[in-house]
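Asks:
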Amino acid sequence: MRIPVPRPRSLAGQLFAIQAVLLAVVVAGYALFTYVSDRSQAEQAAVRQATSVARTVADSPSVREAIRTSDPSARLQPYALAVVRDTDIDFVTIMDPRGIRWTHPDPEQIGLVFQGHTAPALRGGTFTETYTGTLGPSVRAVTPVRDGERIVGLVSAGIKVEEISERAQEQLTALILVAVGALGLGAIGTYVVNARLRRHTHGMNATELSHMHDYHQAALHAVREGLLMLDGQYRVALINDGGRELLGVAQEEDVVGRSVAELGLPAPLTGALLASEPRVDEVHLTADRVLVVNTSPVTGGQQRGSVVTLRDVTELQSLMGELDSERGFTQALRSQAHEAANRLHTVVSLIELGRAEEAVDFATAELELAQALTDQVVAAVSEPVLAALLLGKTAQANERGVELVVSSDSRLDDGLLPDTLPARDLVTILGNLIDNAVDAAQGGLHPRVTVTALTEDGSELVLRVSDTGPGVDPEHTEAVFRRGFTTKPSGPGGRGLGLALVRQAVARHGGALSVSSGEEGGAVFEVRLPLREAAVAQGPGGAV
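All residue numbers for the sequence shown refer to this note's numbering, where the first residue is -8 and numbers rise by one.
(1) Which residues does DSSP pair with serine 507 in a beta bridge?
(2) Taking the CB atoms as reference points, tell me whether leucine 72 and isoleucine 85 lie closer together than 7 Å.
(3) Measure from the alpha carbon of leucine 282 to the alpha carbon of each residue in His336, Gly248, Arg235 and Arg249, then state which is nearest.
(4) Where do the ends of the alpha helix (DSSP H) carrying glutamate 236 lie?
(5) Considering only the alpha carbon of each residue, which of Leu344, Arg519 and Ala431 lies closest to threonine 443?
(6) Here's the rule I'm using: 16 or more other beta-carbon atoms within 10 Å means buried, otherwise exposed. How should arginine 92 be labelled?
(7) Does the contact criterion of 3 or more C-beta pairs under 8 Å hold for the segment 16 to 24 versus the segment 45 to 64?
(8) Whether or not the segment 166 to 179 and the segment 89 to 108 are in contact is what I'm after, with contact meaning three or more pairs of Cβ atoms, one per stretch, closer than 8 Å; do they touch?
(9) Count the other CB atoms within 10 Å of the CB of proline 63; is the residue buried (16 or more) or exposed (fewer)?
(10) Within the same chain, show all residues whose beta-carbon is closer than 6 Å to that of glycine 296, passing over the 5 residues directly before and after it, in chain order.
(11) Strictly by DSSP, which residues pair up with serine 28?
(12) Residue range of the beta strand (DSSP E) that aspartate 458 falls in?
(13) Curious, which full-length beta strand (DSSP E) runs of at least 3 residues does the segment 94 to 182 contain?
(14) Taking 7 Å as the cut-off, decide whether the C-beta atoms of asparagine 423 and glycine 489 are in contact.
(15) How close, in whole Å, do the beta carbons of valine 38 and valine 74 come, if the pair is a contact with beta carbons under 8 Å?
(16) With 16 other CB atoms within 10 Å as the buried threshold, where does leucine 408 fall?
(17) One question on the structure: do threonine 109 and leucine 145 come within less than 7 Å of each other, judged by their Cβ atoms?
(18) Taking all protein chains shown into account, decide if serine 481 is buried (16 or more other Cβ within 10 angstroms of its Cβ) or exposed.
(19) Excluding the five sequence neighbours on either side, which residues of its own chain have a C-beta within less than 8 Å of the C-beta of isoleucine 9, listed in chain order?
(20) Please report the distance separating the alpha-carbon of isoleucine 80 from that of alanine 165.
(21) Relative to the C-alpha of aspartate 87, which candidate in Pro96, Ser61, Pro69 and Glu99 has its C-alpha closest?
(22) Cβ of valine 75 versus every heavy atom of the ligand HEM: is any distance shorter than 6 Å?
(23) Cutting at 8 Å between CB atoms, please list the residues of its own chain near leucine 522, excluding the five before and the five after it.
(24) If you count every other CB in all the chains shown that lies within 10 Å of the CB of threonine 355, and 16 or more means buried, which is it?
(25) Would you kindly check if the distance between the Cβ of glycine 180 and the Cβ of leucine 14 is under 7 Å?
(26) Count the other C-beta atoms from every protein chain shown that fall within 10 angstroms of the C-beta of serine 544, then say buried if there are 16 or more, exposed otherwise.
(27) Leaving out five residues before and five after glutamine 100 in sequence, what residues of the same chain have Cβ atoms less than 8 Å from its Cβ?
(28) The beta strand (DSSP E) that contains arginine 439, what's its start and end?
(29) Using 7 Å as the threshold, is the C-beta distance between glycine 116 and valine 130 below it?
(30) Go ahead and label proline 269 buried or exposed: buried means 16 or more other beta carbons lie within 10 angstroms of its beta carbon, across all protein chains shown.
(31) Looking only at DSSP bridge pairs, what is isoleucine 85 linked to?
(32) Determine, using beta carbons only, whether alanine 112 and threonine 78 come nearer to each other than 7 Å.
(33) In three-state DSSP terms, what is glutamate 539?
(34) When the Cα atoms are used, what is the spatial distance from alanine 534 to proline 257?
(35) Should proline 461 be labelled buried (16 or more other beta-carbon atoms within 10 Å of its own) or exposed?
(36) Nearest to alanine 263 by alpha carbon, out of Gly239, Arg249, Val240 and Thr300?
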């Protein structure tokens, strides 16, 4: 049988218990302090009242006159009882200097000796004391009665300690009621606050919250994708390691609390992060990455911010470019295979017709033409990756009715390119420039694309692609390199990314990219990449 283990109280419940105990202790402590303070104040008030009554009686002319008579008690006893009744004190005792009573609330005590101290009063002063007499413990004041310079009697007025306690008890009762009310209101307020806290913490206790925080931190640092959380004012509330890497934010840089606009991101990416509407799988470029951005607003009755996820598709985009090139190569090879089959049928037919010499001449001419094209490209560009790219693009262009030629001044020997300039980036740069040039030239009169690849002084690689198309409007020479800009119909995969990727790759290697008008009216795109490692190390700070 499974024994149920009690679940630890939630954080809100623990806080409620602590707050309730603290509130009860504070109220009880305040009540005790107030009671002691009120009792002390009640005793002081009793002392003042007794002193005032005693001095008033001692200064009364009728008291001095009664003392001069042969029977002072006859006149003083009624007077003392009237004073007790009118002043709300417990007793007024008038006595001779020897302490023999002339008055007392109990008539049987008249004529007996006063119980208490009288020496200070006999010396002419007024004093107070707490003393247990015939009426029990009392706070009393004793003062002399003067007839000129002579002390002819003493007056003692007092209030019983029991009466003082009763007065303090009344105040304590009122205080207890107030304290209970304060405790009740405090408990209600504490319950309301903790009920709200319970909703926000979903009833979890402190241990569960701590574990959730640990898991949260571990997940943030483990996820390779970028995660960015923005508050309602579009300030960074949280960013994980992946987000820092993808956005180019240094690990030691404190960006939490800063606005997205202060991170130095490209304007289109900043605009996407600042947008109030959600963004789904938007492609954006940074200095050296291609990012897919998704944003989702966090709402709860009001705009509370947004959650941004970032995925790095730089490698994927490069592979897609290579795949597109391979697809083009495949189509070109398929067409060439079809043409080769036609030529082979022609050769076979000539042989069947007994014209063997003509068949040999026809086949030799075709082989010489293909070999001449290969020799031309390899002679100009012996770097294997670029040579293969140019041969493939030549076949693609021919399939689309565009002549692709390598200029006579091209010269790029094998082994000149440093390891810091990877072949994949060269394929991205030259492949996209050629694709755009072929698109621009296609459909025109005598469409042609001219490619130039050479090195200058062994320190700079120059790649130049010109076409016979309509050219680039001078007003668009800068906009043409932005992601999404295009003058062509958008295909299923979208357009306007190729030149942006070229610009990104060029900037990553500290190179320069420019566009101008050609002699034949088309566009001329020129890329200059430094070959020296010191220049390459500049990174994305090069001019574009």
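Cβ atoms here follow ideal geometry from the backbone N, Cα and C, with glycine treated the same way.
Replies: Quick answer:
(1) What you label residue 507 is simply residue 516 of the sequence shown in a count that begins at 1. Serine 507 pairs with Val515.
(2) For the purposes of this step, residue 72 is identified with residue 81 of the sequence shown, where counting begins at 1. For the purposes of this step, residue 85 is identified with residue 94 of the sequence shown, where counting begins at 1. Not closer than 7 Å, so no.
(3) By one-based count along the sequence shown, residue 282 stands at place 291. When only C-alpha atoms are compared, the closest one is Arg235.
(4) As a first step, residue 236 is located in the sequence shown; it is residue number 245 there, counting from the start. From DSSP, the alpha helix (DSSP H) with glutamate 236 extends over 232 to 238.
(5) On the sequence shown, position 452 is the one that residue 443 refers to. Proximity to threonine 443 across Leu344, Arg519 and Ala431 peaks at Arg519, based on C-alpha coordinates.
(6) Here residue 92 corresponds to residue number 101 of the sequence shown, with the count starting at 1. That one is buried.
(7) Touching, no.
(8) Result no; under three Cβ-Cβ pairs closer than 8 Å.
(9) Sequence index remark: in the sequence shown, residue 63 carries index 72 (1-based). Answer is buried; the Cβ neighbour count reaches 16.
(10) Locating residue 296 in the sequence shown gives position 305, where the first residue counts as 1. Cβ neighbours of glycine 296 beyond the five flanking positions: Leu221, Asp222, Gly223 and Val289.
(11) Position 37 of the sequence shown, counting from 1, holds the residue named residue 28. Per DSSP, none; premise fails for serine 28.
(12) Indexing the sequence shown from 1 puts residue 458 at position 467. Per DSSP, aspartate 458 is one residue of the beta strand (DSSP E) stretching across 451 to 458.
(13) Those beta strand (DSSP E) runs which fall completely within the segment 94 to 182 and span 3+ residues are 118 to 124, 127 to 138 and 141 to 151.
(14) Working through the sequence shown from its first residue, we reach residue 423 at position 432. Working through the sequence shown from its first residue, we reach residue 489 at position 498. Yes, the pair counts as a contact, with Cβ atoms nearer than the cut-off.
(15) Mapped onto the sequence shown, residue 38 falls at position 47. Mapped onto the sequence shown, residue 74 falls at position 83. Between the beta-carbon of valine 38 and that of valine 74 there is about 17 Å, and that puts the pair past the 8 Å contact cut.
(16) The sequence position of residue 408 within the sequence shown is 417, counting from 1. Buried, because 16 or more other Cβ atoms sit within 10 Å of the Cβ of leucine 408.
(17) Taking the first residue of the sequence shown as 1, we reach residue 109 at position 118. Taking the first residue of the sequence shown as 1, we reach residue 145 at position 154. Judged by their CB atoms, threonine 109 and leucine 145 are nearer to each other than the 7 Å cut-off.
(18) Translated into the one-based positions of the sequence shown, residue 481 becomes position 490. Confidence at serine 481 is low in this model, with a pLDDT of 39, below 50, so its placement is unreliable and no value can be given for it.
(19) Stepping through the sequence shown from its first residue, residue 9 is reached at position 18. Excluding sequence neighbours, isoleucine 9 sits near nothing in its chain.
(20) The count along the sequence shown starts at 1 and reaches residue 80 at position 89. The count along the sequence shown starts at 1 and reaches residue 165 at position 174. About 23 Å.
(21) On the sequence shown, position 96 is the one that residue 87 refers to. Nearest C-alpha to aspartate 87: Ser61.
(22) The ligand HEM is absent from the structure shown, which contains no ligand whatsoever.
(23) As a position in the sequence shown, residue 522 is number 531, starting the count at 1. Annotation for leucine 522: Leu407, Leu408, Pro409, Leu412, Thr446, Gly449, Ser450, Glu451 and Leu452 place their beta carbon closer than 8 Å to its own, counting only its chain and skipping 5 residues before and after.
(24) Within the sequence shown, numbered from 1, the residue matching residue 355 stands at position 364. Counting C-beta atoms within 10 angstroms of its own C-beta, threonine 355 has fewer than 16 neighbours from the protein chains shown and is therefore classed as exposed.
(25) Reading the sequence shown from its first residue, position 23 is the one you call residue 14. Reading the sequence shown from its first residue, position 189 is the one you call residue 180. No, the pair does not count as a contact, with Cβ atoms beyond the cut-off.
(26) A question about residue 544 goes unanswered here, because the residues of the chain that appear run from -8 up to 535.
(27) As a first step, residue 100 is located in the sequence shown; it is residue number 109 there, counting from the start. Closer than 8 Å at the Cβ level, and outside the excluded window around glutamine 100, lie Arg92 and Thr125.
(28) Stepping through the sequence shown from its first residue, residue 439 is reached at position 448. Per DSSP, arginine 439 belongs to the beta strand (DSSP E) from 439 to 447.
(29) Here residue 116 is taken as the residue at index 125 of the sequence shown, counted from 1. Here residue 130 is taken as the residue at index 139 of the sequence shown, counted from 1. Going by C-beta atoms, glycine 116 is not nearer than 7 Å to valine 130.
(30) Residue mapping note: residue 269 aligns to position 278 of the sequence shown, counting from 1. Around the CB of proline 269, fewer than 16 other CB atoms lie within 10 Å, so the residue is classed as exposed.
(31) As a first step, residue 85 must be located in the sequence shown, where it is residue number 94. Its beta-bridge partners are Val146.
(32) Position 121 of the sequence shown, counting from 1, holds the residue named residue 112. Position 87 of the sequence shown, counting from 1, holds the residue named residue 78. With contacts defined as CB atoms closer than 7 Å, alanine 112 and threonine 78 fail to qualify as a contacting pair.
(33) Outside the displayed span of the chain (-8 to 535) sits residue 539, for which this structure offers no information.
(34) Residue numbering aside, residue 534 sits at position 543 when the sequence shown is read from its first letter. Residue numbering aside, residue 257 sits at position 266 when the sequence shown is read from its first letter. Reliability of the predicted coordinates at alanine 534 is poor, the pLDDT of 41 falling under 50, and the value obtained from them is presented with this limitation in mind. Between alanine 534 and proline 257, the C-alpha separation is close to 16 Å.
(35) Taking the first residue of the sequence shown as 1, we reach residue 461 at position 470. Counting Cβ neighbours within 10 Å, proline 461 comes out exposed, since fewer than 16 surround it.
(36) Translated into the one-based positions of the sequence shown, residue 263 becomes position 272. In terms of CA proximity to alanine 263, Thr300 leads the group Gly239, Arg249, Val240 and Thr300.
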